[in-house]
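A quick write-up on the structure given underneath.
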Amino acid sequence: MRRIVIALLVIVILAAAAFWISRPKPVAVFVETVGSGSVEATLANTRAGTIEACQRTKLSTIIGGRIEYLGVKEGDKVEKGQLLLKLWNDDQQASSALASAQVTLAAKRSEEVCIAAVNAEKEAKRQAELRVRGFVSPSREETARTDAEVRRAACATAQADIAQAEARLKSTRVDQGRVALYAPFAGTVAKIVGELGEYSTPSPPGVQTPPAIDLFDDSCLYVKAPMDEVDAPKISVGQTVRITLDALPGKTLPGTVRRVAPYVSAVEKQARTVDIEVDFAQPADAAGLLVGYSADVEIVLATREKVLRIPTAAILEGGKVLLLEDGKLVERSIKAGLANWEYTEISEGLQAGERIVTSLERTGVVAGAAAVEEQAAR
1 MRRIVIALLV
11 IVILAAAAFW
21 ISRPKPVAVF
31 VETVGSGSVE
41 ATLANTRAGT
51 IEACQRTKLS
61 TIIGGRIEYL
71 GVKEGDKVEK
81 GQLLLKLWND
91 DQQASSALAS
101 AQVTLAAKRS
111 EEVCIAAVNA
121 EKEAKRQAEL
131 RVRGFVSPSR
141 EETARTDAEV
151 RRAACATAQA
161 DIAQAEARLK
171 STRVDQGRVA
181 LYAPFAGTVA
191 KIVGELGEYS
201 TPSPPGVQTP
211 PAIDLFDDSC
221 LYVKAPMDEV
231 DAPKISVGQT
241 VRITLDALPG
251 KTLPGTVRRV
261 APYVSAVEKQ
271 ARTVDIEVDF
281 AQPADAAGLL
291 VGYSADVEIV
301 LATREKVLRI
311 PTAAILEGGK
321 VLLLEDGKLV
331 ERSIKAGLAN
341 WEYTEISEGL
351 QAGERIVTSL
361 ERTGVVAGAA
371 AVEEQAAR
């Protein structure tokens with residue numbers, strides 16, 4: 001009997017040892033205490049936005065030709081009205097000189113004809129007086145009056161010739177404007193296509209030809225960013241925006257929505273988006289930024305202060321969370337309010353001070369599993 005008891009004790013001890021050795025080890029999890037704070041509902045752009053200039057133009061001459069004058073280089077600052085580029089146009093200048101000479105000639109002829117007309121009118125008046133006194137015949141008076149009228153008409157024709165010559169001169173000057181590029185505003189030359197002596201070709205309809213000069217004004221900048229079409233109805237002019245740039249890591253600039261495009265952009269192999277334009281709340285923040293920088297925007301739709309919140313990453317599919325209670329993971333349903341990628345407002349299901357699991361991606365983190373808290377490295 002004694003041997004049987006000893007054998008049973010050995011078996012029990014071995015079984016207990018086997019169970020102890022083979023028991024599932026508690027999974028280590030990161031835990032965060034439920035607390036209060038602010039939560040914002042935000043929207044972010046789907047693809048990187050771009051820093052744009054408020055004024056930017058791509059200039060090309062109306063007609064093609066050989067570049068005779070190139071007065072700027074890439075990166076140069078220019079003033080409004082400054083001549084930037086001109087094509088060879090000696091033929092136009094010759095036509096303009098000829099038209100100018102014709103204006104002068106027409107003026108001289110008009111002066112000659114109109115003086116003769118004035119004299120003819122004086123002679124007609126003198127002949128009329130002589131006829132009244134009976135010194136000349138009525139036919140003589142009629143001849144003098146007719147001559148005066150003819151010369152008066154000739155004077156009017158000569159003056160019309162002056163107007164015609166001036167119009168022709170103006171036309172030649174308009175033609176000269178077809179071969180020259182002037183700065184429509186003060187700005188910076190971004191790019192020049194063509195060198196002195198090369199042939200410059202304008203861009204005909206339907207054909208993408210690079211412009212001769214790309215000019216922008218960097219004294220006024222804004223951000224243009226694409227937003228998902230699903231989010232477009234939530235966006236309106238005047239909403240607060242946070243702007244971040246890869247060129248300024250760790251820095252956030254305030255801004256406001258100034259325009260929402262009235263149409264959806266459909267680009268092949270890309271999601272349909274709506275472009276928005278964002279102004280910098282403090283224009284001085286944009287000083288020194290380069291046109292073309294990539295930028296991201298985060299639109300603030302709503303903000304709530306001092307509400308119960310948890311990290312958004314701690315929420316399971318179906319609106320549930322895991323809590324660490326007495327060494328076990330317990331699942332609980334919650335009701336969420338405002339949310340963003342960082343925090344979610346909790347309306348129901350949790351109390352301040354409870355501990356929720358945030359390391360949901362780890363293997364074995366499921367409801368009912370044994371768990372221990374792992375301290376995050378400082």
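Residues 1 to 378 in full-length UniProt numbering are what the sequence shown spells out, letter by letter. Virtual Cβ for every residue (Gly too), placed ideally from N, Cα, C. Note that this is a predicted model, so its numbers are computed, not measured.
Go through its chain and collect everything with a Cβ distance to residue 379's Cβ below 7 Å, but skip five positions before and after it. The chain is shown only over 1 to 378; residue 379 falls outside these bounds and no answer can be derived.
Pick helix, strand or coil for ILE310, following the three-state DSSP scheme. Reading the sequence shown from its first residue, position 310 is the one you call residue 310. Correct three-state label for ILE310: strand.
Residue environment, TYR222, which counts as buried when at least 16 other CB atoms sit within 10 Å: Counting from one through the sequence shown, the residue named residue 222 turns up at place 222. Buried is the call here.
Tell me which same chain residues have a C-beta within less than 7 Å of the C-beta of SER96, skipping the five on either side of it? Counting from 1 along the sequence shown, the entry for residue 96 is found at position 96. Excluding residues within five positions, the ones whose Cβ falls inside 7 Å are LEU169, THR172, ARG173, GLN176.
Locate the beta strand (DSSP E) running through GLY368, then write down its first and last residues. Along the sequence shown, one-based indexing puts residue 368 at 368. Looking at the DSSP string, GLY368 is not in any beta strand (DSSP E), and its letter there is neither H nor E.
Take the Cβ of THR42 as the centre, count every other Cβ of all protein chains shown within 10 Å, and call the residue buried at 16 or more, exposed below. On the sequence shown, position 42 is the one that residue 42 refers to. Buried, because 16 or more other Cβ atoms sit within 10 Å of the Cβ of THR42.
The alpha helix (DSSP H) that contains GLN82, what's its start and end? As a working note, residue 82 is residue 82 in the sequence shown. No alpha helix (DSSP H) holds GLN82; DSSP gives it neither H nor E.
Give a yes or no on whether the C-beta atoms belonging to LEU329 and VAL357 are separated by under 9 Å. By 1-based counting over the sequence shown, the position of residue 329 is 329. By 1-based counting over the sequence shown, the position of residue 357 is 357. Taking 9 Å as the Cβ cut-off, LEU329 and VAL357 qualify as a contacting pair.
Look up ASP279 in the DSSP assignment and give the residues it is bridged to. Translated into the one-based positions of the sequence shown, residue 279 becomes position 279. DSSP, once it has assigned bridges, lists TYR222, THR256 as partnering ASP279.
Beta-carbon contacts of LEU289 that lie in its chain and below 7 Å, excluding the five residues immediately before and after: Looking up residue 289 in the sequence shown gives position 289. Excluding residues within five positions, the ones whose Cβ falls inside 7 Å are ILE51, LEU221.
Note down the Cα distance separating ALA377 from THR363, rounded to an integer number of angstroms. For the purposes of this step, residue 377 is taken as the residue at position 377 of the sequence shown. For the purposes of this step, residue 363 is taken as the residue at position 363 of the sequence shown. Because ALA377 sits at a pLDDT of 47, beneath the cut-off of 50, its placement in the model cannot be relied upon, and the point is left open.
Please look up how many angstroms separate the CB atoms of residue 380 and GLU166, rounded, as I've assumed it's under 8 Å. The requested residue 380 is not part of the displayed model; the chain covers only 1 to 378.
CA nearest to the CA of ALA367, picked from THR209, ALA352, GLY292, SER333: To locate residue 367, count along the sequence shown from 1; it is residue 367. ALA367 has its Cα closest to that of SER333, out of THR209, ALA352, GLY292, SER333.
Is the region 77-86 close to the region 185-200, with three or more CB pairs under 8 Å? yes
Rounded to the nearest angstrom, what separates THR273 and ASP246 at their Cα positions? Position 273 of the sequence shown, counting from 1, holds the residue named residue 273. Position 246 of the sequence shown, counting from 1, holds the residue named residue 246. The straight-line gap from Cα to Cα measures roughly 22 Å.
Under 7 Å Cβ to Cβ from ALA183, same chain only, skipping five residues before and after it: list those, please. The sequence position of residue 183 within the sequence shown is 183, counting from 1. Once the five neighbours on either side are set aside, the close Cβ partners of ALA183 are VAL78, GLU79, LYS80, GLY81, GLN82, LEU84, LEU215.
Are GLU68 and LEU98 touching if we call contact CB-CB under 9 Å? Within the sequence shown, the letter at position 68 stands for residue 68. Within the sequence shown, the letter at position 98 stands for residue 98. Taking 9 Å as the Cβ cut-off, GLU68 and LEU98 do not qualify as a contacting pair.
Give me the DSSP bridge partner(s) of ARG332. If you number the sequence shown from 1, residue 332 lands on position 332. DSSP, once it has assigned bridges, lists VAL321 as partnering ARG332.
LYS251, DSSP secondary structure in three states: Within the sequence shown, the letter at position 251 stands for residue 251. Correct three-state label for LYS251: coil.
If you count every other CB in all the chains shown that lies within 10 Å of the CB of GLN164, and 16 or more means buried, which is it? Against the sequence shown, residue 164 aligns to sequence position 164. Classification for GLN164: exposed.
So VAL31 is in the beta strand (DSSP E); what residue range does that whole segment cover? Taking the sequence shown and counting its residues from 1, the one referred to as residue 31 is at position 31. Element bounds for VAL31: 31-33.
Give the straight-line distance between the Cα atoms of ALA314 and LYS306, rounded to the nearest whole angstrom. The count along the sequence shown starts at 1 and reaches residue 314 at position 314. The count along the sequence shown starts at 1 and reaches residue 306 at position 306. Going from the Cα of ALA314 to the Cα of LYS306 covers about 19 Å.
Assign ARG378 to one of three DSSP states: helix, strand, or coil. Against the sequence shown, residue 378 aligns to sequence position 378. Confidence in ARG378 is poor, its pLDDT being 44 and thus under 50, which makes the residue's placement unreliable; the coordinate value appears in the next sentence. Of the three classes helix, strand and coil, the one that applies to ARG378 here is coil, per DSSP.
For ASP231, the three-state DSSP class (helix, strand or coil): Counting from one through the sequence shown, the residue named residue 231 turns up at place 231. The answer is coil: DSSP assigns ASP231 none of H, G, I, E or B.
For the alpha helix (DSSP H) that GLU361 lies in, which residues bound it at each end? Start at 1 with the first residue of the sequence shown, and residue 361 comes out as number 361. Here GLU361 belongs to no alpha helix (DSSP H), and DSSP marks it neither H nor E.
Below 6 Å CB to CB, which residues in the same chain sit around THR240 once its five sequence neighbours on both sides are set aside? For this step, residue 240 is matched to residue 240 along the sequence shown. For THR240, where only same-chain residues beyond five positions count, the Cβ hits under 6 Å are VAL300.
Going by CA-CA distance only, name the one from ALA156, LYS73, GLY134 that's closest to SER110. Counting from one through the sequence shown, the residue named residue 110 turns up at place 110. For the residues ALA156, LYS73, GLY134, the minimum Cα distance to SER110 belongs to ALA156.
How many angstroms separate the CA atom of ILE115 from the CA atom of VAL132? Numbered from 1 along the sequence shown, position 115 holds the residue referred to as residue 115. Numbered from 1 along the sequence shown, position 132 holds the residue referred to as residue 132. Cα to Cα, ILE115 sits roughly 26 Å from VAL132.
What does the Cβ neighbour count give for ALA158, buried or exposed, with the cut at 16 atoms within 10 Å? Counting from one through the sequence shown, the residue named residue 158 turns up at place 158. Answer is buried; the Cβ neighbour count reaches 16.
Taking the C-alpha atoms as reference points, what is the distance between ARG355 and GLY327? Taking the first residue of the sequence shown as position 1, residue 355 is located at position 355. Taking the first residue of the sequence shown as position 1, residue 327 is located at position 327. Going from the Cα of ARG355 to the Cα of GLY327 covers about 12 Å.
Got a sec? Which residues, its chain only, sit under 8 Å from GLU195 by beta carbon, not counting five neighbours each side? If you number the sequence shown from 1, residue 195 lands on position 195. Hits under 8 Å: ILE67, LEU70.
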